[in-house]
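The listed protein sequences derive, respectively, from chains A and B. Adding 1485 to a residue's 1-based position in the first sequence gives its number in this note's numbering. Adding 620 to a residue's 1-based position in the second sequence gives its number in this note's numbering.
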Amino acid sequence: EVQLVESGGGLVQPGGSLRLSCAASGFTFTNYVVNWVRQAPGKGLEWVSQIPRHTRAMYYAESVKGRFTVSEDSAKNSVYLQMDSLRAEDTAVYYCAREDCSGGSCHGFDVWGQGTLVTVSS
Amino acid sequence: QSVLTQPPSASGTPGQRVTISCSGSSSNIGRNTVNWYQVLPGTAPKLLIHSNDQRPSGVPDRFSGSKSGTSASLAISGLQSEDEADYYCATWDSSLNNWMFGGGTKLTVL
C-alpha cells in the first residue's frame, strides 16, 4: 500500500526546535517530489517546503525561510523537516505530500500523510 | 491574505450544481496548471483535480475543473451531503518558486 506516515510533532517552547519525519512505504521517494504543507487551527492550507528533483536547491515559503530545513534519507525512504527558532504562528498540523512529476509534467499532491501536530507555546 | 482568491463560502441543495472560483495572476495561474483539493473535517487533504481539469482515478465525474487566463473553477454537479467540505485551489508561482494555495472555500450542503 502506498502510504506516508509523519511523526515527530509535539509541544515546544517558542525559540525551540523540532524535527518532523515522513516515512514512505509502497513507493520510492526519490522518484517523486516531496512537499510539506501545514494547516494552522481554523486556518487554510499553507505550503511550507519542497524537495524538487530537477535541482539541488530546496524551496521554502517566505514565512519559514532561514528557520526550516528539509532533507531526505534515501536509504530510509524518508524525508525530514528540521524546524528551528519556532514561533507561536508555526503551530499547525504538518503534512508531507507526494507530488508525481513523471512524464514531463506534474500531477498534484496525490498522496498525503495523516499529519502531525506541532504546538509552539510556553 | 492568499495570493489566490477564493470565495470563503458556497452553498447548494442536494442535486444542484455549484461552482467555486479561484483568481490568481500571470505569475501563477496564468503560467501554470491548477489543482484542487478537498478537505473533510479532521482528515488529510485529498486531490480532486490536477492539471486544470484531470480527475485522479476514484474521483467521481461529478467533479470537474477548468481554467481560463488567470482564473480557474471547480464545479460540482449532483451535489451530495458528503460533498460538504473545504475546497482549495493550488498552483505554482513562477516568480516566488512557491506553491500557492487559495484561502479555501467552505461548501455547505443545505
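Even for Gly, the Cβ is constructed at its ideal location relative to N, Cα and C. Being a predicted model, the structure only gives us computed values, none of them experimental.
Considering residue i, what are the terminal residues of the beta strand (DSSP E) in which it resides?
i: TYR708(B); result: 705 to 713
i: MET720(B); result: 718 to 721
i: TYR1579(A); result: 1577 to 1584
i: GLN1498(A); result: No beta strand (DSSP E) contains GLN1498(A), which DSSP labels as neither H nor E.
Apply the 10 Å Cβ neighbour rule to residue i and answer buried if 16 or more other Cβ atoms are within range, or exposed otherwise.
i: GLY644(B); result: buried
i: HIS1539(A); result: exposed
i: THR1601(A); result: buried
i: THR653(B); result: buried
i: GLN1524(A); result: buried
i: ALA692(B); result: buried
i: LYS687(B); result: buried
i: GLN636(B); result: exposed
i: ASP1558(A); result: exposed
i: GLY1527(A); result: exposed
Is the CB of residue i under 7 Å away from at least one CB in chain A?
i: GLY644(B); result: no
i: PHE683(B); result: no
i: ASN672(B); result: no
i: TYR708(B); result: yes
Please work out which residues of its chain come closer than 6 Å, Cβ to Cβ, to residue i, disregarding the five sequence neighbours upstream and downstream, and give them in chain order.
i: THR725(B); result: GLN626, PRO627, ALA630, ILE640, TYR707
i: SER671(B); result: THR653
Only counting the same chain, and skipping five residues up and downstream in sequence, which positions put a Cβ closer than 8 Å to that of residue i?
i: ALA1546(A); result: GLU1531, TRP1532, VAL1533, SER1534
i: SER1607(A); result: GLN1498, PRO1499
i: GLY650(B); result: GLY644, GLY689, THR690
i: PRO665(B); result: TYR657, GLN658, VAL659, TYR708
Cβ of residue i less than 7 Å from any chain B Cβ?
i: PHE1514(A); result: no
i: ASP1575(A); result: no
i: GLY1593(A); result: yes
i: GLN1599(A); result: yes
So, at 7 Å on beta carbons, what are the nonlocal neighbours of residue i in its own chain, with the 5 sequence-adjacent residues on each side left out?
i: GLY1598(A); result: LEU1489, VAL1490, GLU1491, CYS1507, TYR1580, CYS1581
For the segment 646 to 668 of chain B, enumerate the residues whose C-beta is nearer than 8 Å to any C-beta of chain A, in chain order. THR653, ASN655, TYR657, VAL659, ALA664, PRO665, LYS666, LEU667
Any C-beta of chain B within less than 8 Å: which residues of the segment 1525 to 1540 of chain A qualify? GLY1529, LEU1530, GLU1531, TRP1532, GLN1535
Between the segment 692 to 726 of chain B and chain A, which residues of the former have CB atoms less than 9 Å from a CB of the latter, in chain order? ASP706, TYR708, ALA710, TRP712, LEU716, ASN717, ASN718, TRP719, MET720, PHE721, GLY722, GLY723, GLY724
At a Cβ cut of 7 Å, what residues of the segment 1544 to 1571 of chain A count as close to chain B, listed as they run along the chain? TYR1544, ALA1546
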